[in-house]
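Each residue of the sequence shown is one higher than the one before, counting from 0 in numbering that gives the first Met the number 0.
Notes follow once the structure below has been shown.
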Amino acid sequence: MTEEQILEHLQNRLQHRLHHLSRLSNEQLRERIRTTVLDYSKEAYLTHTQINHFTQRLYDMYRGLDVVQPLMDDPHITAIMINSYDEIYIEREGSTVLSEQRFESQEAFIHWIYKITEKVRPSTDELPPLMDVRLENESHVNIVMPPVAVHGPTMTIHKRADSTLTIDKWINKGSIPKDAARLLQNLVRCKYNILISGETRSGKTTLLNALTNSIPNDERIITIEDIAELHVDEVPNRVQMEAWRMTSDGLSRSSIRELIHRSLRMGANRLVLGEIRGAEAADLMQAMNGGLDGSLSTVNACSAEDVLNRLETMMLAGGYLPAEVVRKQICSAIDIIVHVARLSDQSRRIVEISEVLGVRNGCIQLNPIYLYKDKQDKALHPSGSLRRTSNEFVHTAKLYLSGMRENEWMFV
């Protein structure tokens with residue numbers, strides 16, 4: 000018998016032993032499964048390794064995430080991309096590879112989708128074409144069903160950002176030198192408004208998480224995200240909001256803009272916005288200019304300069320203000336841009352720390368404080384490092400107002 004045939008046979012046997020499945024604890028369920036597998040092994044002569052394997056597979060089918068569970072348990076896997084029931088890709092340490100895991104059939108895959116979405120989808124027999132789900136381990140699942148997905152259901156699972164990757168671990172991994180890291184921590188503590196930029200999967204959210212946990216614990220912060228990914232456990236006075244919620248008819252959305260406006264009436268000292276994607280850019284700039292110093296966010300961009308162009312485009316799309324005014328608002332709101340990138344060896348590095356100066360000849364000026372170069376001054380080569388430029392740090396007022404001296408915040 001094949002493995003799938005054995006599993007089907009064991010499932011049939013279990014049906015008679017798993018009455019009131021929802022009432023069983025995890026330990027009770029695992030014990031009943033193991034007993035069933037042991038009984039079967041007397042007939043099929045299963046090895047000890049096979050007994051453990053089938054016990055775990057059956058447990059994952061009933062309480063876990065079926066064939067996806069081993070991938071979820073692997074701490075080195077950050078994303079799981081299910082193109083079809085028999086084609087599952089994983090992202091491990093920056094590289095995307097085809098996994099050996101697969102569902103038995105299209106029907107088994109669809110049945111599993113029904114199972115993991117039963118708490119958030121409308122109470123109908125049909126699955127909606129687009130769904131977002133947060134698993135118990137807080138991983139974010141995006142599901143696309145036919146007819147939108149032409150060749151059958153697809154799914155992408157993003158594990159929640161690694162809360163253990165503190166700024167000290169960024170230093171230990173070689174992603175940022177100690178002096179630059181200490182500068183960033185002090186800029187956060189002294190309430191500089193910071194944008195983290197980078198391309199998709201470059202580590203923006205992970206760095207945002209690390210810097211957010213550098214906020215002094217006597218401040219109140221509000222985080223706003225499409226789907227909650229941030230871990231802000233180091234800040235006790237916090238409120239986390241997300242732009243989707245469950246209703247009796249399924250999922251409905253609150254816009255990011257609505258949540259930004261609401262946060263202004265919630266007594267926050269700082270606002271942490273998961274990502275700027277559109278018209279909410281104008282609301283965030285206004286909040287920063289209106290007194291919410293020390294706010295942080297991310298934006299998808301290929302360089303620090305590109306951040307400014309993207310922000311200007313997002314704000315101009317609303318059509319409310321002329322370009323000159325928009326540029327001035329950006330300059331007065333954003334203090335620092337930190338750009339992260341994934342290099343050719345798949346490592347994630349901070350490659351630029353720049354302060355936003357002002358508008359000159361119709362263009363926003365940046366002052367690079369740190370830039371990433373190798374010995375031949377080639378950008379973004381794995382052999383390079385983030386180096387201090389010869390440029391002086393200009394906007395030091397917030398640092399001095401916080402009582403810091405230069406030798407306390409720079410190059411420590």
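Backbone N, C-alpha and C define an ideal beta-carbon position, used for all residues, glycine too.
Legend entry - Beta-bridge partners of Ile-195, as assigned by DSSP: Paired residues: Thr-297 and Val-337.
Legend entry - Nearest residue (CA-CA) to Asn-82, options Arg-101, Thr-388 and Ser-382: The residue from Arg-101, Thr-388 and Ser-382 with its alpha-carbon nearest to that of Asn-82 is Arg-101.
Inset, instruction - Answer yes or no: do Ile-352 and Ile-333 have a C-beta to C-beta separation smaller than 8 Å? - result: No, the Cβ-Cβ distance between Ile-352 and Ile-333 is not below 8 Å.
Inset, instruction - Kindly list the residues whose CB is nearer than 6 Å to the CB of Tyr-58, restricted to its own chain and excluding five residues on each side of it in sequence; keep chain order. - result: Correct list, in chain order: Arg-29 and Ile-32.
Legend entry - Sequence-distant residues of its chain with Cβ nearer than 7 Å to Gln-184 (five each side left out): So the qualifying residues of the chain are Ile-166 and Ser-213.
Inset, instruction - May I ask you to list the residues that DSSP assigns as paired with Tyr-88? - result: Its beta-bridge partners are Met-80 and Leu-97.
Legend entry - Stretch-stretch touch, CB-based, cutoff 8 Å, three pairs: the region 256-275 with the region 216-227: With a cut-off of 8 Å, the region 216-227 and the region 256-275 count as touching, because enough Cβ pairs lie within range.
Inset, instruction - Say whether the region 84-93 touches the region 339-350, bearing in mind that this needs 3 or more beta-carbon pairs closer than 8 Å, one atom from each stretch. - result: Yes, the region 84-93 is in contact with the region 339-350.
Legend entry - Under the three-state DSSP convention, the category Ser-114 falls into: For the record, residue 114 in the displayed sequence is Lys; it is not Ser. Lys-114: helix per DSSP, three-state reduction.
Inset, instruction - May I ask you to report which of helix, strand or coil DSSP gives Asn-254? - result: Note that residue 254 corresponds to Ser in the displayed sequence, not to Asn. DSSP, read as helix, strand or coil, puts Ser-254 in coil.
Legend entry - Under 8 Å between C-beta atoms of Arg-159 and Glu-137: Yes, they are a contact pair.
Inset, instruction - Could you say which of Val-36, Leu-23 and Gly-361 lies nearest to Asn-11 if we only look at CA atoms? - result: If we check each option's Cα against that of Asn-11, Val-36 comes out closest.
Inset, instruction - Can you say whether Cys-189 is buried or exposed, counting buried as having 16 or more other CB atoms within 10 angstroms of its CB? - result: Under this definition Cys-189 is a buried residue.
Legend entry - Unbroken beta strand (DSSP E) run spanning Tyr-369, endpoints: Note, Tyr-369: beta strand (DSSP E), 362-372.
Legend entry - Contact the region 191-204 vs the region 97-117: 3+ CB pairs below 8 Å: Fewer than three pairs of CB atoms, one per stretch, sit closer than 8 Å, so the region 191-204 makes no contact with the region 97-117.
Legend entry - Buried or exposed (CB count within 10 angstroms, at least 16 for buried), His-139: With 16 or more Cβ atoms within 10 Å of its Cβ, His-139 is classed as buried.
Legend entry - Buried or exposed by the 16-neighbour rule on C-beta atoms within 10 Å, applied to Asp-232: That one is exposed.
Inset, instruction - Give the secondary structure of Met-287 by DSSP, where H, G and I count as helix, E and B as strand, and everything else as coil. - result: Three-state result, Met-287: helix.
Legend entry - Burial state of Ser-254 (16 or more Cβ within 10 Å): Under this definition Ser-254 is an exposed residue.
Legend entry - Best match in Tyr-39, Gln-14 and Thr-34 for proximity to Ile-5 [C-alpha to C-alpha]: Ranking the options by Cα distance to Ile-5, first place goes to Tyr-39.
Legend entry - Own chain partners of Pro-176 with C-beta closer than 6 Å, once the 5 adjacent residues on each side are dropped: Here the set comprises Leu-385.
Legend entry - Of the listed residues Ile-156, Leu-295 and Leu-126, nearest to Ala-209 (C-alpha basis): If we check each option's Cα against that of Ala-209, Leu-295 comes out closest.
Inset, instruction - Provide the residue(s) that pair with His-139 in DSSP beta bridges, ordered along the chain. - result: In DSSP, His-139 forms a bridge with Arg-133 and His-157.
Legend entry - Which residues DSSP lists as bridging Ser-353, in chain order: Beta-bridge pairing by DSSP links Ser-353 to Ile-336 and Pro-367.
Inset, instruction - Let me know the secondary structure DSSP gives Leu-400 once reduced to three states. - result: Looking at Leu-400 - three-state DSSP - the assignment turns out to be helix.
Legend entry - Straight-line Cα distance separating Met-314 from Tyr-399: Looking at the two C-alpha atoms, the distance is approximately 32 Å.
Legend entry - Limits of the unbroken beta strand (DSSP E) element including Ser-384: 384-387 is the extent of the beta strand (DSSP E) around Ser-384.
Legend entry - Same chain only: Cβ atoms within 7 Å of Gly-266, ignoring 5 sequence neighbours per side: Excluding residues within five positions, the ones whose Cβ falls inside 7 Å are Arg-219.
Inset, instruction - Using 10 angstroms around the beta-carbon of Thr-199, count the other beta-carbons present and answer buried if the total reaches 16, otherwise exposed. - result: So Thr-199 ends up on the exposed side.
Inset, instruction - Within the same chain, show all residues whose beta-carbon is closer than 7 Å to that of Gly-317, passing over the 5 residues directly before and after it, in chain order. - result: So the qualifying residues of the chain are Ala-278 and Ala-281.
Inset, instruction - Please classify Glu-241: does DSSP put it in a helix, a strand, or coil? - result: Taken through DSSP and simplified to helix, strand or coil, Glu-241 comes out as strand.
Legend entry - DSSP state of Glu-218 mapped onto helix, strand, coil: In this structure, DSSP gives Glu-218 a state outside helix and strand, which the three-state scheme calls coil.
Legend entry - Tyr-84 versus Val-66: straight-line alpha-carbon distance, rounded: Those two C-alpha atoms are separated by around 10 Å.
Inset, instruction - Following the continuous beta strand (DSSP E) through Glu-274, name the residue where it begins and the one where it ends. - result: Looking at the DSSP string, the run of the beta strand (DSSP E) that includes Glu-274 is 269-275.
Inset, instruction - Look up Val-358 in the DSSP assignment and give the residues it is bridged to. - result: Paired residues: Ile-363.
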